[in-house]
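**Q** Dumping the structure here so I can ask a few things about it.
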Amino acid sequence: MTHSTSAPDAAWQDLTRRWQDLADLGDIGSLLGWDQSTYLPQAAAAGRARQQSLLSGLHHARATDPEYGKQLDAAGRRTDLSPEQARMVEVARKDFEKATRIPASFVTEFSRHAGESYSAWTQARPDADFARMVPYLEKTLDLSRQAAGYFPEFKDPLDYFIEESDEGMSAEQVGQVFSELREALVPLADAVIGAGAPRRDFLAGPYPRDLQLAFGERVIRDYGYDFTRGRQDLTHHPFMTRLGGADVRITTRVKEGDPSEALYSTLHEAGHALYEQGVAEAYLGTPLGGGVSAGVHESQSRLWENLVGRSRAFWAAYFGDWRDTFPAQLAGVSEEEMYRAVNAVSRSLIRTDSDELTYNLHVITRFELERQLLGGDLAVRDLNDAWHAAYEGNLGLRAPSDKDGALQDVHWYFGAIGGAFQGYTLGNVLSAQFFAAAREAHPNIEADIARKEFGNLHGWLRENVYAHGRRFTPNELIERATGRPLSVEPYLAYLRGKYGELAGL
């Protein structure tokens, strides 16, 4: 794949330097956030929130500089740009127009509040103290509504946030996808659960932390994650972050009583990182230098976590290594038992621990609560009660404490309320669609996985998804890569085939 850069004159160079400066400021902000989530001393939280607020203000000032607007106007009138350069200008112009509609004072206030809210959440969640977070969350909701209010063309505030993270989608469209999935998955999950649970007692451990981390890192090296351009650390809530063109980091968390937590968190975040590490070098430091949408990004984490990491082929490849790493814990355990254990279906309280069949019910619950909060139909003080009621209705469960209720996800405590969750389910749907297209191109992918060979799959994804960055819109990228628009059918076919076989349906 080639990436043309046909306009290296002084005006274009000035524009690209400005883009690089904006990217660098964003990366520095990500570095501060990564440190806050990994190594920051507790007493330093207030100072970090102040630093993040200052930096976000500097970034916003540069991103809305009138001189920058003039540069973009001039670039937009040029006829000698390559298609990629024209797309850079188009994306930059769209970002500029959005940024100029949001006051700098609002940006710094929201950034400072997000830092303070996150620090409070890291203490409130272990203490199961939702009441402590109510004032923070009330302010987050106010700020979220203000943000959407700067874009009155969106009648539904949630549409603004969805457009920000998943361009081309709306709350109504997402709701339709969710309705179709719920109709298909609820009876399938009921049937699979009714068929009986596999043996899982051997996952109780204990499994030493360092051995878990080392095993996961071996696997993602095989996947293609480049540790010369990244690293893995521990945190409260796993995430991936880009801190520079050659610095894409991941985090995980470990439970010695369940090794699947660290393993699948590592595989998940590595999928995000493979995407970012695969963006064409010519796009780094430009408006095209990152993943195109939350849904497409999540498709890569779910693909490597589930379609690869929970497959029969994966455990055919790695069970021997897994058993050698934990011989006492896995004495008498077979490869088939391990495969079934990591694909067990049950109704659970925790989104990140849930199985493939029930996961989307967790997302749908959050999406509906966000819609109620933004629409004024639910007060923050009543959120935890509404959460418990929704879980009883959707999953037949009630959390024993606030910790696993409305406090369990970091998203509402480190950003806006709105648009944070629908990308997870869109990603699930797209993971199967991309994998099916890759398998059409390389019919032996499952056999490759069973030999720990990931070059064909990784190469296809890099060429058809990763390298393009934001070169195309999400819908354009999906259709180019798979030959069809977003469709739930490949995902449902995958789930029905896999879990129908597992449950003997």
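For the record, in the sequence shown the residue sitting at position 448 is 448 according to this note's numbering, with numbers rising by one throughout. The beta carbon of each residue, even a glycine, is placed where N, CA and C say it ideally should be.
1. Whose C-beta lies closer than 6 Å to the C-beta of residue 291 among residues of the same chain, with five residues either side of it excluded?
2. Is the CB-CB distance between residue 399 and residue 411 below 9 Å?
3. Are the CB atoms of residue 25 and residue 48 nearer to each other than 9 Å?
4. Smallest Cα separation from residue 41: which of 352, 337, 332 and 119?
5. Give me the DSSP bridge partner(s) of residue 177.
6. If you count every other CB in all the chains shown that lies within 10 Å of the CB of residue 497, and 16 or more means buried, which is it?
7. Does the structure place the region 425 to 444 close enough to the region 248 to 264 that three or more beta carbon pairs sit under 8 Å?
8. Would residue 170 and residue 156 qualify as a contact pair, given that the criterion is a beta-carbon distance under 9 Å?
9. Per DSSP, which residues does residue 248 bridge with? Please list them.
10. In whole angstroms, what is the alpha-carbon distance linking residue 406 and residue 77?
11. Using the rule of at least 16 other Cβ atoms within 10 Å of the residue's Cβ for burial, across every protein chain shown, is residue 227 buried or exposed?
12. Looking at the unbroken beta strand (DSSP E) that takes in residue 36, where does it start and where does it end?
13. Measure the beta-carbon distance from residue 134 to residue 381 and round it to whole angstroms, keeping in mind my assumption that it falls under 8 Å.
14. To which residues of the same chain is residue 123 closer than 7 Å at the C-beta, ignoring the five residues directly before and after it?
15. Can you say whether residue 300 is buried or exposed, counting buried as having 16 or more other CB atoms within 10 angstroms of its CB?
16. So, using beta-carbon positions, are residue 510 and residue 370 closer together than 9 Å?
17. So, do the region 329 to 340 and the region 453 to 463 have three or more beta carbon pairs nearer to each other than 8 Å?
18. Leaving out five residues on either side along the sequence, give the residues of the same chain with a beta carbon under 8 Å from the beta carbon of residue 191.
19. Should residue 10 be labelled buried (16 or more other beta-carbon atoms within 10 Å of its own) or exposed?
20. Report the rounded CA-to-CA distance for residue 449 versus residue 319, giving the unit in angstroms.
21. What number of angstroms, rounded off, separates the C-alpha of residue 358 from the C-alpha of residue 266?
22. Below 7 Å CB to CB, which residues in the same chain sit around residue 284 once its five sequence neighbours on both sides are set aside?
23. Span of the beta strand (DSSP E) holding residue 232?
24. Please state if the CB of residue 490 and the CB of residue 435 are separated by a distance shorter than 9 Å.
25. Comparing alpha-carbon positions, which option in 286, 131 and 264 lies nearest residue 379?
26. Short of 7 Å in beta carbon distance, which residues of its chain neighbour residue 202, apart from the five on each side in sequence? Order them along the chain.
27. How about residue 140 and residue 57: are their beta carbons less than 9 Å apart?
28. Would you mind listing the beta strand (DSSP E) stretches within the region 68 to 152 that are 3+ residues and don't spill past its ends, in chain order?
29. Once the 5 residues before and after residue 187 are set aside, which same chain residues still bring their CB inside 8 Å of it?
30. Hey, could you find the ends of the alpha helix (DSSP H) residue 257 is sitting in?
31. Please state whether the Cβ-Cβ distance between residue 351 and residue 258 is less than 9 Å.
32. Can you tell which of 433, 339, 469 and 233 has its C-alpha closest to the C-alpha of residue 269?
33. Using only the alpha-carbon positions, how far apart do residue 100 and residue 501 sit?
34. From this set, 473, 463, 243 and 321, which residue's C-alpha is nearest residue 30's C-alpha?
35. Specify the secondary structure class of residue 2 as computed by DSSP and reduced to three states.
36. Please tell me whether residue 303 and residue 431 are closer than 9 Å, where the distance is taken between their beta carbons.
**A** This is what the structure holds:
1. In the sequence shown, the residue the question calls residue 291 occupies position 291. 275 and 297.
2. Walking along the sequence shown from the start, residue 399 turns up at place 399. Walking along the sequence shown from the start, residue 411 turns up at place 411. No; because the gap between Cβ atoms is not below 9 Å, this pair is not in contact.
3. Within the sequence shown, the letter at position 25 stands for residue 25. Within the sequence shown, the letter at position 48 stands for residue 48. No, Cβ-Cβ distance for residue 25 and residue 48 is not below 9 Å.
4. Numbered from 1 along the sequence shown, position 41 holds the residue referred to as residue 41. Considering only alpha carbons, the answer is 119.
5. Counting from one through the sequence shown, the residue named residue 177 turns up at place 177. According to DSSP, which records beta bridges pairwise, residue 177 is partnered with nothing at all.
6. To locate residue 497, count along the sequence shown from 1; it is residue 497. Exposed, because fewer than 16 other Cβ atoms sit within 10 Å of the Cβ of residue 497.
7. no
8. Start at 1 with the first residue of the sequence shown, and residue 170 comes out as number 170. Start at 1 with the first residue of the sequence shown, and residue 156 comes out as number 156. Yes; because the gap between Cβ atoms is below 9 Å, this pair is in contact.
9. As a working note, residue 248 is residue 248 in the sequence shown. DSSP lists 242 as partners of residue 248.
10. The count along the sequence shown starts at 1 and reaches residue 406 at position 406. The count along the sequence shown starts at 1 and reaches residue 77 at position 77. When rounded, the distance between both Cα atoms is 49 Å.
11. The sequence position of residue 227 within the sequence shown is 227, counting from 1. When all chains shown are included, residue 227 counts as exposed.
12. Counted from its first residue, the sequence shown places residue 36 at position 36. Not the beta strand (DSSP E): residue 36 falls in the alpha helix (DSSP H), residues 10 to 38.
13. Residue mapping note: residue 134 aligns to position 134 of the sequence shown, counting from 1. Residue mapping note: residue 381 aligns to position 381 of the sequence shown, counting from 1. Right, their Cβ atoms sit about 6 Å apart.
14. Within the sequence shown, the letter at position 123 stands for residue 123. Correct list: empty, nothing qualifies.
15. Indexing the sequence shown from 1 puts residue 300 at position 300. By the 10 Å Cβ count, residue 300 comes out buried.
16. One cannot answer for residue 510 here, as it falls past the ends of the chain, which runs 1 to 505.
17. no
18. Along the sequence shown, one-based indexing puts residue 191 at 191. Only 503 and 505 meet the Cβ criterion.
19. Here residue 10 corresponds to residue number 10 of the sequence shown, with the count starting at 1. Under this definition residue 10 is an exposed residue.
20. Along the sequence shown, read from residue 1 onward, the residue named residue 449 stands at position 449. Along the sequence shown, read from residue 1 onward, the residue named residue 319 stands at position 319. When rounded, the distance between both Cα atoms is 13 Å.
21. Working through the sequence shown from its first residue, we reach residue 358 at position 358. Working through the sequence shown from its first residue, we reach residue 266 at position 266. In a straight line, the C-alpha of residue 358 is about 21 Å away from that of residue 266.
22. Numbered from 1 along the sequence shown, position 284 holds the residue referred to as residue 284. Closer than 7 Å at the Cβ level, and outside the excluded window around residue 284, lie 245.
23. In the sequence shown, residue 232 corresponds to position 232, counting from 1. Looking at the DSSP string, the run of the beta strand (DSSP E) that includes residue 232 is 232 to 234.
24. Counting from one through the sequence shown, the residue named residue 435 turns up at place 435. Counting from one through the sequence shown, the residue named residue 490 turns up at place 490. For residue 435 and residue 490, yes; Cβs fall inside 9 Å.
25. Walking along the sequence shown from the start, residue 379 turns up at place 379. The candidate whose alpha carbon is nearest that of residue 379 is 131.
26. Position 202 of the sequence shown, counted from the start, is the residue given in the question as residue 202. Cβ within range, chain order: 329, 330 and 333.
27. As a working note, residue 140 is residue 140 in the sequence shown. As a working note, residue 57 is residue 57 in the sequence shown. No, the pair does not count as a contact, with Cβ atoms beyond the cut-off.
28. none
29. Within the sequence shown, residue 187 is the residue found at index 187, counting from 1. Nothing listed; no residue qualifies.
30. Position 257 of the sequence shown holds residue 257. Note, residue 257: premise wrong, no alpha helix (DSSP H); not H, not E.
31. Position 351 of the sequence shown, counted from the first residue, corresponds to residue 351. Position 258 of the sequence shown, counted from the first residue, corresponds to residue 258. No; because the gap between Cβ atoms is not below 9 Å, this pair is not in contact.
32. Start at 1 with the first residue of the sequence shown, and residue 269 comes out as number 269. With distances taken between Cα atoms, residue 269 lies closest to 233.
33. Your numbering for residue 100 matches position 100 in the sequence shown. Your numbering for residue 501 matches position 501 in the sequence shown. Going from the Cα of residue 100 to the Cα of residue 501 covers about 54 Å.
34. The sequence position of residue 30 within the sequence shown is 30, counting from 1. It is 243 whose Cα lies nearest to the Cα of residue 30.
35. Residue numbering aside, residue 2 sits at position 2 when the sequence shown is read from its first letter. Per-residue confidence for residue 2 stands at a pLDDT of 47, beneath the threshold of 50, marking its modelled position as unreliable; no derived number is given.
36. In the sequence shown, residue 303 corresponds to position 303, counting from 1. In the sequence shown, residue 431 corresponds to position 431, counting from 1. Cβ atoms of residue 303 and residue 431: closer than 9 Å.
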